[in-house]
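**Student:** For reference, the structure I am asking about is given below.
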């Protein structure tokens, strides 16, 4: 909640750190760089949004690891054919 976390918002702006936040009707979305519309007062709503974001990060990391593994396998295969 950017309204409750005013000091955090100010420090992030000072340091040039992009802000992502859940914003409902009693907040100013202009204070955030990336706005997620939702109820920022309900613990269940915040938990749902954060869990979906965490799942996306985990999925992206697994996809990157799989892609790296495929590249290494292709490199080894290519090196074996050159010999």
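Numbering (the working numbering), first residue to last: 245 to 327.
Backbone N, C-alpha and C fix where the C-beta goes; we use that ideal spot for every residue, glycine too.
As the structure is a computational prediction, the values presented were derived from the model and not from experiment.
(1) How about residue 267 and residue 284: do their beta carbons lie closer than 9 Å?
(2) For residue 270, which of 257, 247, 262 has the nearest alpha-carbon?
(3) Count the other CB atoms, across all protein chains shown, that sit within 10 Å of the CB of residue 253; report buried if there are 16 or more and exposed otherwise.
(4) For residue 267, which residues does DSSP report across the bridge?
(5) Return the chain-ordered list of same chain residues with a C-beta closer than 6 Å to the C-beta of residue 273, the five sequence neighbours on each side being excluded.
**Tutor:** Inspection of the coordinates gives the following:
(1) Result yes, Cβ atoms of residue 267 and residue 284 sit closer than 9 Å.
(2) Of 257, 247, 262, the residue nearest in Cα terms is 247.
(3) Of the residues assessed, residue 253 falls on the buried side of the cut-off, its CB having 16 or more other CB atoms within 10 angstroms.
(4) Beta-bridge pairing links residue 267 to 281.
(5) Contacts found: 267, 279.
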